[in-house]
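Visitor: Residue numbers for the sequence shown follow this note's numbering, beginning at 14 and rising by one.
In this text, a Cβ means the ideal position worked out from N, Cα and C, and glycines have one as well.
It should be emphasised that the depicted structure is a prediction, and the values quoted were computed from it without experimental measurement.
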Amino acid sequence: MKILIVGGGGREHALAWRIANNPSGTRHKIYCAPGNAGMTGVAEPVAIQATDVEGLCAFAKRERIEYTIVGMDAPLALGLADRFASEGLDVFGPKKAAAMLESSKAYAKRFMKKYGIPTAEYAIFDTYEAASEYIRKSPMPIVVKADGLAFGKGALVCKTQEEAEAALRGIMIDKQFGESGNRVVIEKFLTGKETSIMTFCDGEHIVPMVSAKDYKNAFDGDIGPNTGGMGAVSPSPYYTENDAMRFEHEIMLPTLKGIKAEGLDYVGFLYFGLMLTDKGPYVIEYNARFGDPEAQAVLPRLKTDLLEICKACNHKSIDKVDIRWDNKESACICLVSEGYPLKYETGFTIEGLDRLQKEHNDALVFFAGVRAGDNGFETDGGRVIGITCLDGEGLAARKAYEAASVLSFAGMRYRTDIGPV
Ligand SMILES: Nc1ncnc2c1ncn2[C@@H]1O[C@H](COP(=O)(O)OP(=O)(O)O)[C@@H](O)[C@H]1O
Ligand SMILES: [Mg+2]
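Have a look at this one:
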């Protein structure tokens, strides 16, 4: 089959790798737009930006792409799935209206409230003055969030009135995230452990994947600024069977009920960001796609053909597919540029990839911010490489760290505390 994957990071590399390495050994031609230079072993990069919906649509028609999987949020919010469907192109990913579960936090909160899904108490504001007055009357800590997409940087946990006021100004007055900050959601701070549950949804049925935990903060011990993710493990060490049962009954199935009642026809990955509170699991947010780097931890455990699962979703028959997982646990360590997620430099040669292949051939390497340079691959972004290992005896993270230790580039950094608690 001719397949197009939309996005260019480690998640998209993992999606392409999982489809290329399928259980029946079927060979596919996989393109990835824009992709990156590191993924050429499984997918051919295409120089079209992920948000260039018209460009992607023209490419899919010209190349007779038979199936498209969208990895990123922005093209879904722009209506890529609607546009492709209007051309009769098969696509995995929700239409614009359904992707609003991610692309508008206000929409998602109202949806959760309407369908009785546990989530933090909240208020929504369209003006700075009203939001500011609400902050002055609220007990701290509090969470201030831009309504729209903000590259994972639009939600700020604030401990003081001053911090909350500054966050609000940044979003609504300085327009740090542009139009995404025309509206804010302000919510009560929840305490607990975070866990990510990705699901396959076909609009009629929903099936959870194995759990995962991502590591958001830049530094060990969950200190420092939030990043796109410094690593992930699967399963989540905190997610109990009781949590799973409560998640299914109190969150996942009510979400499906809402999806049906609202006529959203949601076909795609649906991600639940959970806070495991002492009152049970609460939803922090939905994502209309796989998490990154959760994909790099979860997909290596998937034993059933990913493409078959996705296609079953298009036929509303995901309930008929026997989805199997490897019992081994996984860990993904992200190697990042010094300074990430703030300012960093790029263009440094990545050393040790040959040695990695020879000495750690069971380590999976997922490339993100990487380009071809004069001396091999060089860095081209904040998150550069993710290394995933699987293990049945609790050593996945240790193995991933051992593999990571043979790689280097100027300013390379990673968290050293990813793994079992
Ligand atoms: N109500 C809340 N209580 C506690 N922490 C929160 C809350 N909402 C968000 N957070 C923290 O902020 C992070 C980002 O918030 P989220 O809603 O997931 O926005 P985004 O991922 O779009 O930036 C969460 O992963 C969590 O750590
Ligand atoms: Mg989030």
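Would residue 309 and residue 399 qualify as a contact pair, given that the criterion is a beta-carbon distance under 7 Å?
Guide: Taking 7 Å as the Cβ cut-off, residue 309 and residue 399 qualify as a contacting pair.
Visitor: In the segment 93 to 121, which residue ranges form an unbroken alpha helix (DSSP H) of at least 4 residues, counting only runs that do not cross its ends?
Guide: Segments of the alpha helix (DSSP H) lying fully in the segment 93 to 121: 93 to 99, 109 to 116.
Visitor: Can residue 133 be considered in contact with ligand 1, in the sense that its beta carbon sits closer than 6 Å to one or more heavy atoms?
Guide: Yes, since a heavy atom of ligand 1 falls inside the 6 Å radius drawn around the Cβ of residue 133.
Visitor: Any heavy atom of ligand 1 closer than 6 Å to the beta-carbon of residue 176?
Guide: No, the Cβ of residue 176 stays beyond 6 Å of every heavy atom of ligand 1.
Visitor: Report the residue ranges of all beta strand (DSSP E) runs contained in full by the segment 316 to 399; include only those spanning at least 3 residues, in chain order.
Guide: Correct list: 342 to 349, 377 to 380, 383 to 386, 389 to 392.
Visitor: With 16 other CB atoms within 10 Å as the buried threshold, where does residue 236 fall?
Guide: Flag for residue 236 reads exposed.
Visitor: Can you name, in chain order, every residue of its own chain whose Cβ lies under 6 Å from the Cβ of residue 430, other than the five neighbours on each side?
Guide: Correct list, in chain order: 233.
Visitor: Look at the alpha carbon of residue 33 and the alpha carbon of residue 41, and state the distance between them as a whole number of angstroms.
Guide: Spanning the two alpha carbons is a distance of roughly 6 Å.
Visitor: Just the Cα atoms here: how many angstroms apart are residue 433 and residue 61?
Guide: Distance between the alpha carbons of residue 433 and residue 61 is about 39 Å.
Visitor: The alpha helix (DSSP H) with residue 146 in it runs from where to where?
Guide: First-last of the alpha helix (DSSP H) with residue 146: 141 to 150.
Visitor: For residue 71, count neighbouring Cβ atoms within 10 angstroms of its own Cβ and tell me buried if that reaches 16, exposed if not.
Guide: Classification of residue 71: exposed, given that the 10 Å Cβ count is below 16.
Visitor: I'd like to know if the segment 124 to 132 and the segment 259 to 267 are in contact, where contact means that at least 3 CB-CB pairs between them fall below 8 Å.
Guide: Yes: at least three Cβ pairs fall under 8 Å.
Visitor: Secondary structure at residue 255, three-state DSSP: helix, strand or coil?
Guide: Residue state, collapsed to three classes: helix.
Visitor: Are there 16 or more other CB atoms within 10 angstroms of the CB of residue 106, so buried, or fewer, so exposed?
Guide: Buried is the call here.
Visitor: If you follow the beta strand (DSSP E) that residue 268 is in, where does it begin and where does it stop?
Guide: Premise fails: residue 268 lies in the alpha helix (DSSP H), 266 to 274, not in any beta strand (DSSP E).
Visitor: Kindly indicate the opening and closing residues of the beta strand (DSSP E) around residue 221.
Guide: Looking at the DSSP string, the run of the beta strand (DSSP E) that includes residue 221 is 219 to 221.
Visitor: Give the C-beta separation of residue 95 and residue 81 to the nearest angstrom, bearing in mind that I take them to be a contact with Cβ-Cβ under 8 Å.
Guide: That pair is no contact at about 13 Å.
Visitor: Measuring only the C-alpha atoms, how far is residue 143 from residue 171?
Guide: Approximately 18 Å, taken between the alpha carbons.
Visitor: Keeping to the same chain, check which residues put their C-beta closer than 6 Å to that of residue 359; ignore five residues upstream and five downstream.
Guide: Once the five neighbours on either side are set aside, the close Cβ partners of residue 359 are 392, 393.
Visitor: For residue 136, which beta-bridge partners are listed by DSSP?
Guide: DSSP, once it has assigned bridges, lists 199 as partnering residue 136.
Visitor: Relative to ligand 1, is the shortest distance from any of its heavy atoms to the C-beta of residue 351 smaller than 6 Å?
Guide: No, Cβ of residue 351 sits at least 6 Å from all heavy atoms of ligand 1.
Visitor: Could you tell me the alpha carbon to alpha carbon distance between residue 314 and residue 247, rounded to whole angstroms?
Guide: Rounded to the nearest angstrom, the two C-alpha atoms are 9 Å apart.
Visitor: Going by other Cβ atoms of all chains shown within 10 Å of its Cβ, with 16 needed for buried, is residue 368 buried or exposed?
Guide: The residue is exposed, with fewer than 16 neighbouring Cβ atoms inside 10 Å.
Visitor: Have a look at residue 90 and residue 372 and give me their C-alpha separation to the nearest angstrom.
Guide: Near 42 Å, if we compare the C-alpha coordinates of residue 372 and residue 90.
Visitor: I need the straight-line Cα distance from residue 382 to residue 29, nearest angstrom please.
Guide: Residue 382 and residue 29: Cα-Cα distance of roughly 16 Å.
Visitor: When DSSP builds the beta bridges, which residues end up paired with residue 294?
Guide: DSSP lists 289 as partners of residue 294.
Visitor: Going by the beta-carbon positions, is the gap between residue 284 and residue 203 smaller than 7 Å?
Guide: No; because the gap between Cβ atoms is not below 7 Å, this pair is not in contact.
Visitor: For residue 118 versus residue 160, is the C-beta spacing smaller than 7 Å?
Guide: Going by C-beta atoms, residue 118 is nearer than 7 Å to residue 160.
Visitor: What are the boundary residues of the beta strand (DSSP E) that residue 263 is part of?
Guide: Residue 263 -> no beta strand (DSSP E), and no H or E assigned at all.
Visitor: Quick check: is any heavy atom of ligand 1 less than 6 Å from the C-beta of residue 286?
Guide: Checking every heavy atom of ligand 1 against the Cβ of residue 286, one is found closer than 6 Å.
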